[in-house]
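For reference, the structure is listed below as structure tokens.
In the working numbering, the protein residues as written are 672 to 980.
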């Protein structure tokens, strides 16, 4: 959905989280390579969560399904949606672009398990505008002023004399939470800064990309894996005296691009069976090659060995 925060008029657009089911939903009559021993049934894994990770998750699922015959269903909807599904038992793995909140961990424990976290990739959040917009770089303070509504016209930051149209992910998105905490609030836990009431909430990263493509006044943010030539990624500086850095993989790895974060899997305790096999694949050489192909950044080496230890 597209919702103007705090307004009385809502513009609604239908958006669906990505869904991929590798191998289909039916059970085979003959045992396949992913079959449970002696049953003839194909193993399946349900994954829900971060829209930032949907394309990456689908690519992992497709590669793993072809390799093992295991059915892997990947659904988006936001990090909060995935974590809730893990807690209520409707998925095996939650994909998240933020850490679980203490309250969520307690809810999980109350249902009988302690969540296990795995960093499976790294991501830089790109701030994007239409290619026709002359603005090509901003400081984090300027971004905070724009997205909180203090700065309302592009001419205030070197652009044309036109209103700024704000695009944001919905509140259940880990991307939304991360951007609010690290850009709007500058990492200050005492800050109460919020997105401007005029910000338009969008249901997915792809929806932001599509809106920026056709709206020269718009500005939005999403995982850099969604970047294309139809949007322009801004170079960002931590302060006005620091260098402006573009959202590129090398800049995320070396820490020079400051709006970056880990991408996580959460499981119900220590993974076993097909879930562990899938996690080992994701953190292994084949899975991390998929990370690079999807234009994310491979997980640190220590994380890649985590599920094998």
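By construction, the Cβ of each residue, glycine as well, lies at the ideal position given by its N, Cα and C atoms.
Going by DSSP, name the residue or residues bridged to residue 790.
935, per the DSSP bridge assignment.
Answer yes or no: do residue 810 and residue 739 have a C-beta to C-beta separation smaller than 8 Å?
No, Cβ-Cβ distance for residue 810 and residue 739 is not below 8 Å.
Would DSSP call residue 888 helix, strand or coil?
Residue 888 falls in the coil class under three-state DSSP.
Residue 959 by DSSP, collapsed to three states: which one?
In this structure, residue 959 counts as helix in the three-state DSSP scheme.
Count the CB pairs spanning the region 908-922 and the region 818-837 that are closer than 8 Å, and state whether there are at least three.
Result no; under three Cβ-Cβ pairs closer than 8 Å.
Are the CB atoms of residue 741 and residue 719 within a distance shorter than 8 Å?
No, the Cβ-Cβ distance between residue 719 and residue 741 is not below 8 Å.
Under 8 Å, do residue 970 and residue 769 count as touching if we go by C-beta distance?
For residue 970 and residue 769, no; Cβs fall outside 8 Å.
Mapping the DSSP letters down to three states, classify residue 965 as helix, strand or coil.
If DSSP states are grouped into helix, strand and coil, residue 965 belongs with coil.
I'd like to know whether the C-beta atoms of residue 797 and residue 918 end up nearer to each other than 8 Å.
Going by C-beta atoms, residue 797 is nearer than 8 Å to residue 918.
Could you give the distance in angstroms between the alpha-carbon of residue 953 and the alpha-carbon of residue 826?
Straight-line Cα distance between these residues: approximately 45 Å.
For residue 707, which residues in the same chain have their Cβ closer than 7 Å to its Cβ, ignoring the five residues on either side in sequence?
Because residue 707 sits at a pLDDT of 44, beneath the cut-off of 50, its placement in the model cannot be relied upon, and the point is left open.
Quick check for students: name the residue ranges of the beta strand (DSSP E) that lie wholly in the region 816-904, counting only runs of 3 or more.
If we require 3 residues or more, the beta strand (DSSP E) runs fully inside the region 816-904 come out as 836-840, 871-873, 889-894.
Given a cut-off of 8 Å, decide if residue 897 and residue 846 are closer than it, judged by their beta-carbon atoms.
Cβ atoms of residue 846 and residue 897: not closer than 8 Å.
According to DSSP, simplified to helix, strand and coil, what is residue 767?
Residue state, collapsed to three classes: strand.
Apply the 10 Å Cβ neighbour rule to residue 915 and answer buried if 16 or more other Cβ atoms are within range, or exposed otherwise.
When all chains shown are included, residue 915 counts as exposed.
Spell out the partners DSSP gives residue 807 in its beta bridges.
DSSP, once it has assigned bridges, lists no residue as partnering residue 807.
Please state whether the Cβ-Cβ distance between residue 800 and residue 890 is less than 8 Å.
Yes, they are a contact pair.
Using a 10 Å radius around the Cβ and a threshold of 16 neighbouring Cβ atoms, would you call residue 944 buried or exposed?
Exposed.
Hey, is the region 869-878 in contact with the region 834-841, meaning 3+ C-beta pairs nearer than 8 Å?
Result yes; three or more Cβ-Cβ pairs closer than 8 Å.
Do residue 758 and residue 775 come within 8 Å of each other at the CB atom, strictly closer than that value?
Going by C-beta atoms, residue 775 is nearer than 8 Å to residue 758.
Between the alpha carbons of residue 831 and residue 937, how many angstroms are there, rounded?
Roughly 44 Å separates the two Cα atoms.
Measure the alpha-carbon distance for residue 882 versus residue 903 and round it to whole angstroms.
Each residue's Cα considered, the two are about 13 Å apart.
Please identify the residue among 717, 723, 784 whose C-alpha is closest to the C-alpha of residue 876.
It is 723 whose Cα lies nearest to the Cα of residue 876.
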